[in-house]
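This report refers to the structure that appears directly beneath it.
Residue numbers (our numbering): 1343 to 1972.
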């Protein structure tokens, strides 16, 4: 081969390669999506869908035929008359251009769309008779004019309004969010089935899923349109996973204003909606399947679920008007408030306090009837309303003015949870050491009376000093000791470390926790009879929740060795979470009593939920402090 011939041949090869590469680039798949909708399709497609697609390594064109509040009937009128009524928003790889006064036909023919979607106006989305004949006419019109013979058609499922929405269309559904959501699901499914449309984008289910998280009903900016960040991102995630068939979980694209936890909520809500589009999947279920149960997102969501369920299912106060069980729940509620900053917890405590007049229970010297002071004083520390303080303070001042020995006023170990944390709070709020001194004196007199030094556990009361299980083991009640440790942690949390008696309480806590940790069962729970788990072998969650709370607190405060105790905390947290059903009900809570007794799966009491919230509050701290990683 001559040199000239070689050069000519080489040039042809190079030119061929260049042309091939250019053709390959030009032939790269561009996903083209056209929405025939309104402001709800704007919320779902224009803000964040493109970013999710780009993160997937795909080029895109998104078009939105926009008229605010446009119904299917109006879309058909515009199509039939070829009316230039649309604000046509076109986004090409992040660049958004708005073209006014466009006809539907011109936009349909502008691209070989891969997907074309239809959507009813939001107030009519759940009204089955509003879809036809307009959807069928519109569908045939679009189908006749679409340039891509393989175009896929989809229905966009809109979302129910916020519970507080003032939109007049909410009246169609008796201003009931769940009724609106259910109606939308049924209406869109029937419409899609009738038209042979195989794809439904379940944005409405995704939003409803998200509302079961700790975020609650905060996905809208005005009661019906989606919030600019979390709401719109959740809908966009739903579109992405539906159209691409790829899980959105882990997609690195997200709005800058969203926290990591909010991004996870949006992605998980969307993913669950695509998997189960026709009904709500509570976040208790979503998280357990898709998330780290020890992570901040999960913990906050499961706490919110337990809180909401228990508030909606109060346990009737007995004939003796004992409010201590509810008081413990509200102590947990205020722990949840401090850990999350979610004002729904504080607001609920204030509602409860207003109903009770911020008053103690009726039994003058009984510690149970002072337990309400824990939540009252925690609320006072935030709101600074004197009525939250004065009733409890005057009751305690009266007791201090006429003291009795600890073993007389606090003769049962539960009392060490009920009143001592109230005294510690008063000491902190007022700066008066008399509350710490009274607490110190009373506590150790009771402890000397009820504490078994050889066992590092508390007898419930003097009747159990010689009580034995069927196997001949000493009878130490799990929840009785859980009350003690739950109160002890609150004392240590509130009492200043400089107080002379602080070290004794800390040493006592450490001694009990070492013993309690050794009694945890393989499933992560503690049985009702601590030294004889076979005495009542079923699960029990109220004592286990307090033990988990107390142990997690010790890790967070550097009192317990993390490597030794963290695995036990994680087992405990997992176990009590497994006892929460999909609605948020904490099960296997031993009913009101004084000794180890049988527990049924359906048993629930408010103090169990309070203990669960306390455990959750400490788990949030563990997650935020990165204490889960070795």
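C-beta atoms are modelled at their ideal positions from N, C-alpha and C, and glycine is treated no differently. It should be emphasised that the depicted structure is a prediction, and the values quoted were computed from it without experimental measurement.
Original post:
Where does residue 1498 sit, in a helix, a strand or coil, going by DSSP?
Top reply: The DSSP-derived three-state label of residue 1498 is strand.
Subject >> C-alpha gap between residue 1549 and residue 1382, whole angstroms >> reply: The straight-line gap separating the alpha-carbon atoms of residue 1549 and residue 1382 is approximately 13 Å.
Original post:
Nearest CA to the CA of residue 1575: which residue from 1545, 1565, 1754?
Top reply: 1545
**OP:** Using the Cα positions of residue 1314 and residue 1494, report the straight-line distance between them to the nearest angstrom.
**Re:** As displayed, the chain neither begins before 1343 nor continues past 1972, which places residue 1314 out of reach and without an answer.
**OP:** My understanding is that residue 1777 touches residue 1765, with C-beta atoms under 8 Å, so please give their C-beta distance in whole angstroms.
**Re:** 5 Å
Original post:
Looking only at its own chain, which residues have a Cβ that is under 8 Å from the Cβ of residue 1692, when we skip the five neighbours before and after it?
Top reply: Within the same chain, residue 1692 has close Cβ partners 1721, 1725.
**OP:** In the DSSP assignment, find the unbroken alpha helix (DSSP H) run with residue 1607 in it and report its ends.
**Re:** Counting along the chain, the alpha helix (DSSP H) containing residue 1607 begins and ends at 1602 to 1617.
Original post:
Using CA coordinates, which residue listed in 1620, 1592, 1600, 1378 is at the minimum distance from residue 1610?
Top reply: 1592
Subject >> Three-way DSSP call (helix, strand, coil) for residue 1440 in this model >> reply: strand
Original post:
For residue 1946, does the count of other Cβ atoms within 10 angstroms reach 16, so buried, or fall short, so exposed?
Top reply: buried
Subject >> Cβ pair residue 1680, residue 1959 closer than 8 Å >> reply: Between residue 1680 and residue 1959, the C-beta spacing is below 8 Å.
**OP:** Using 10 angstroms around the beta-carbon of residue 1421, count the other beta-carbons present and answer buried if the total reaches 16, otherwise exposed.
**Re:** Sixteen is the threshold: when 16 or more other Cβ atoms of the shown chains lie within 10 Å of the Cβ of residue 1421, as they do, the residue is buried.
Original post:
Thinking just about the alpha-carbon of each residue, which of 1795, 1815, 1785, 1820 is nearest to the one in residue 1802?
Top reply: Comparing Cα positions, the closest option is 1820.
**OP:** Return no unless some Cβ of chain B is closer than 8 Å to the Cβ of residue 1612.
**Re:** Of the protein chains in this structure there is only one, and it is not chain B.
Subject >> Contacting residues, own chain, Cβ-Cβ under 7 Å from residue 1372 (five flanking each side not counted) >> reply: 1401, 1402, 1403
**OP:** Measure the alpha-carbon distance for residue 1938 versus residue 1919 and round it to whole angstroms.
**Re:** 22 Å
Original post:
Near residue 1957, which residues of its chain fall below 8 Å by C-beta distance, leaving aside the five closest residues on each side in sequence?
Top reply: 1887, 1888, 1890, 1891, 1894, 1914, 1915, 1918
Original post:
With distances taken from CA atoms, which of 1874, 1861, 1846, 1695 is nearest residue 1728?
Top reply: Considering only alpha carbons, the answer is 1695.
**OP:** Give the secondary structure of residue 2034 by DSSP, where H, G and I count as helix, E and B as strand, and everything else as coil.
**Re:** Residue 2034 lies beyond the residue range present for the chain, which begins at 1343 and ends at 1972; the question has no answer from this structure.
**OP:** Under 8 Å Cβ to Cβ from residue 1378, same chain only, skipping five residues before and after it: list those, please.
**Re:** 1407, 1417, 1446, 1458, 1459, 1460, 1461, 1480, 1484
Subject >> Three-way DSSP call (helix, strand, coil) for residue 1677 in this model >> reply: helix
Subject >> For residue 1928, the residue or residues it bridges with in DSSP >> reply: Secondary-structure assignment with DSSP links residue 1928 through a beta bridge to 1922.
Original post:
Just how far apart, CA to CA, sit residue 1583 and residue 1398?
Top reply: For the pair residue 1583 and residue 1398, the Cα-to-Cα distance works out to about 11 Å.
Subject >> CA nearest to the CA of residue 1864, picked from 1879, 1489, 1709, 1652 >> reply: 1879
**OP:** Assign residue 1559 to one of two classes, buried (16 or more other C-beta atoms within 10 Å of its C-beta) or exposed (fewer than that).
**Re:** buried
Original post:
In chain order, what residues of the same chain have a beta carbon less than 8 Å from the beta carbon of residue 1687, not counting five sequence neighbours either side?
Top reply: 1649, 1675, 1676, 1678, 1679
Original post:
Helix, strand or coil: how does DSSP classify residue 1430 here?
Top reply: strand
Original post:
Can you tell me whether DSSP reads residue 1539 as helix, strand or coil?
Top reply: Coil.
**OP:** Check whether the Cβ atoms of residue 1503 and residue 1512 sit closer than 8 Å, and answer yes or no.
**Re:** It is a contact, given that the beta carbons lie within the stated cut-off.
**OP:** Quick one: using the 10 Å Cβ neighbour count with 16 as the cut-off for buried, is residue 1822 buried or exposed?
**Re:** buried
Original post:
Quick one: what does DSSP say residue 1816 is sitting in, helix, strand or coil?
Top reply: strand
**OP:** Flag this pair as yes or no: are the beta carbons of residue 1644 and residue 1948 separated by less than 8 Å?
**Re:** no
Original post:
With distances taken from CA atoms, which of 1424, 1760, 1412, 1763 is nearest residue 1384?
Top reply: 1412
Subject >> Between the CA atoms of residue 1438 and residue 1561 - distance to the nearest angstrom >> reply: 25 Å
Original post:
On the three-state DSSP scale, how would you describe residue 1460?
Top reply: Correct three-state label for residue 1460: strand.
**OP:** Would you please state the rounded distance, in angstroms, between the beta carbons of residue 1566 and residue 1509? I believe it to be under 8 Å.
**Re:** 5 Å
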